[in-house]
Amino acid sequence: MKQLLKLKTEQPKVLEQSVEKVRSILEKQQYDFFGKHGAVKTCHYTKNSLHGKTACYKQQFYGIQSHQCIQMTPSVDLCNYNCTFCWRPMEYAPGHEIPWSEADDPKTLVEKSIQAQMKQLIGFKGDPTAVPEKVKEMFYPKHVAISLSGEPTLYPRLGEMIAEYHKHGMTTFLVTNGSNPEAIQKLIDEHHEPTQLYISLSAPNEQLYYKIDRSQVKNGWQRLKKSLEAMCKLKCRTVVRLTLIRSAMIEPENYTELIKLAMPMFVEVKGYVHVGYSTYRLPESEMPMHNEIVGFAKKIAPLINYEFRAEKEESRVTLLAKPDIKETKIDFLKVKA
5 MKQLLKLKTE QPKVLEQSVE KVRSILEKQQ YDFFGKHGAV KTCHYTKNSL
55 HGKTACYKQQ FYGIQSHQCI QMTPSVDLCN YNCTFCWRPM EYAPGHEIPW
105 SEADDPKTLV EKSIQAQMKQ LIGFKGDPTA VPEKVKEMFY PKHVAISLSG
155 EPTLYPRLGE MIAEYHKHGM TTFLVTNGSN PEAIQKLIDE HHEPTQLYIS
205 LSAPNEQLYY KIDRSQVKNG WQRLKKSLEA MCKLKCRTVV RLTLIRSAMI
255 EPENYTELIK LAMPMFVEVK GYVHVGYSTY RLPESEMPMH NEIVGFAKKI
305 APLINYEFRA EKEESRVTLL AKPDIKETKI DFLKVKA
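And the structure:
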């Protein structure tokens with residue numbers, strides 16, 4: 005039986021903020037801004053790792069060392085979606101591309117992001133509870149997740165920025181909402197593909213897509229499908245991530261058809277978590293339990309002939325992989341950083 009999407013009916017005043025007000029809020033949440041539209045916030049899993057605690061699921065799935073990972077965005081104030089499940093306050097974000105003439109220099113964004121990370125972590129140097137070896141290694145970041153806030157493909161010099169990180173010997177994970185297939189094609193044409201590219205998918209059909217993602221893009225559903233098709237042409241590692249609220253955990257056969265457009269190396273099935281600004285839009289009942297996520301992933305896996313490889317209950321996430329992929333972790337000696 006189809007479930008009905010349960011949105012909160014009245015939008016609270018807290019979601020009606022100016023860019024300046026939201027930046028002030030984000031600064032209190034330890035976002036470090038640089039340039040016109042860049043930002044870094046140290047992930048709590050980075051801090052956990054430095055204390056010898058649980059690391060990010062990307063460490064378990066892909067071998068990314070959490071204490072050497074930077075979480076950044078080149079488009080902190082820009083998103084062309086207004087997703088109901090987003091923990092960020094994106095209602096204020098102007099949904100247009102950064103003009104080339106106003107775009108920050110890629111090299112500057114890379115250098116400033118590394119400096120911002122070091123600034124946020126410097127306190128661990130004198131922390132007696134931190135793991136000494138990891139504290140030494142944190143000064144030499146090896147990975148960047150381009151996913152903190154906003155839609156990164158709205159930054160017109162994204163490929164150059166990715167290439168600059170690679171010059172620093174760092175691997176890159178790029179997460180996009182799939183609204184900009186031209187940007188994905190541009191990465192291919194310029195030979196500036198990331199180490200791993202994610203496309204987020206949060207609905208099995210067009211009707212739910214517009215209710216959940218609240219796209220501000222004309223023909224957004226069709227553009228998402230074009231991005232999935234473009235994924236097939238990428239030479240880098242590829243992931244389709246299903247970010248699921250409970251009402252969207254229906255029609256596994258429709259998710260299957262969308263995934264088949266991309267044929268990624270991996271599929272992550274991840275549950276929505278009722279935190280941040282999403283709590284003003286969605287009730288807690290839309291947050292699925294981990295066993296539900298596992299069950300839904302196991303419904304999808306045989307439909308696309310993928311294998312269930314891993315799960316991390318704390319993050320409410322599972323990993324499916326193509327049968328011919330024997331090792332999900334990155335071989336850092338072979339991968340082109």
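Under the working numbering, the first residue of the sequence shown is numbered 5, with each subsequent residue one higher. Even glycine gets a Cβ: it sits at the ideal position worked out from N, Cα and C. If you're wondering where the values come from, they're calculated on a predicted model, not measured in any experiment.
Check whether the Cβ atoms of residue i and residue j sit closer than 8 Å, and answer yes or no.
| i | j | result |
| --- | --- | --- |
| Ile74 | Val148 | yes |
| Gln39 | Asp81 | Before going on, a small fix: residue 39 reads as Gly here, not Gln. Cβ distance not < 8 Å, so Gly39 and Asp81 don't count as in contact. |
| Pro208 | Ile254 | yes |
| Ala325 | Met269 | yes |
| Val321 | Glu288 | no |
| Leu248 | Ser219 | no |
| Val179 | Ser204 | yes |
| Ala252 | Ile304 | no |
| Ile29 | Thr175 | no |
Just tell me which of the options has its CA closest to the CA of residue i.
| i | options | result |
| --- | --- | --- |
| Gly182 | Glu141, Glu164, Tyr202 | Tyr202 |
| Trp104 | Lys303, Lys229, Leu158, Asn86 | Leu158 |
| Ala120 | Lys338, Leu262, Ile297, Tyr35 | Tyr35 |
| Arg250 | Val221, Trp225, Ile297 | Ile297 |
| Ile329 | Thr283, Met267, Leu307, Lys316 | Met267 |
| Trp91 | Thr283, Leu307, Leu30 | Thr283 |
| Thr332 | Ile68, Leu54, Val26 | Ile68 |
| Lys264 | Glu31, Gln63, Met293, Lys229 | Lys229 |
| Ser151 | Ala301, Pro198, Glu31, Pro185 | Pro198 |
| Trp225 | Asn184, Pro327, His196 | Asn184 |
| Glu317 | Phe89, Asn295, Met174, Leu54 | Asn295 |
Can you give me the start and stop residues for the beta strand (DSSP E) that residue i sits inside?
| i | result |
| --- | --- |
| Ile254 | First-last for Ile254: undefined, no H or E at that position. |
| Asp36 | 36-38 |
| Met76 | 73-77 |
| Gly163 | Gly163 -> not in any beta strand (DSSP E); alpha helix (DSSP H) instead, spanning 162-171. |
| Glu315 | 311-316 |
| Lys274 | 270-275 |
| His147 | 147-150 |
| Phe128 | First-last for Phe128: undefined, no H or E at that position. |
Pull up the distance between the alpha-carbon of residue i and that of residue j, whole angstroms please.
| i | j | result |
| --- | --- | --- |
| Tyr281 | Thr133 | 32 Å |
| Lys51 | Met142 | 10 Å |
| Pro110 | Tyr259 | 35 Å |
| Gly42 | Glu155 | 12 Å |
| Pro256 | Gln33 | 37 Å |
| Leu162 | Arg227 | 19 Å |
| Phe128 | Pro306 | 45 Å |
| Lys146 | Ser79 | 22 Å |
Over what stretch of residues does the alpha helix (DSSP H) that includes residue i continue unbroken?
| i | result |
| --- | --- |
| Val114 | 110-125 |
| Ala187 | 185-193 |
| Phe298 | Note that residue 298 is Val in the sequence shown, not Phe. Residues 294-308. |
| Gln220 | Run containing Gln220: none; DSSP gives neither H nor E here. |
| Ile53 | Just to set this straight, residue 53 is Ser in the shown sequence, not Ile. Where Ser53 is concerned, the enclosing alpha helix (DSSP H) stretches over 48-54. |
| Glu3 | In the structure as shown, the chain starts at 5 and stops at 341, and residue 3 therefore has no counterpart that could be examined. |
| Gln33 | Neither: Gln33 is in no alpha helix (DSSP H) and is coded neither H nor E. |
| Ser204 | Run containing Ser204: none in the alpha helix (DSSP H); it sits in the beta strand (DSSP E), 200-205. |
| Glu233 | 224-235 |
| Phe65 | 61-66 |
Item checked: Cβ pair count under 8 Å reaching 3, the stretch 295-311 against the stretch 109-116 -> no
Next item on the list: Would you check if there are 3 or more beta carbon pairs closer than 8 Å linking the stretch 270-290 to the stretch 222-237?
Entry: no
Note to self: Can you confirm whether the stretch 235-246 touches the stretch 210-221 when touching is taken to mean that 3 or more C-beta pairs between the two stretches lie within less than 8 Å?
What the structure shows: no
Margin query: Between the stretch 40-48 and the stretch 83-95, can you find at least three pairs of beta-carbon atoms closer than 8 Å?
Written below: no
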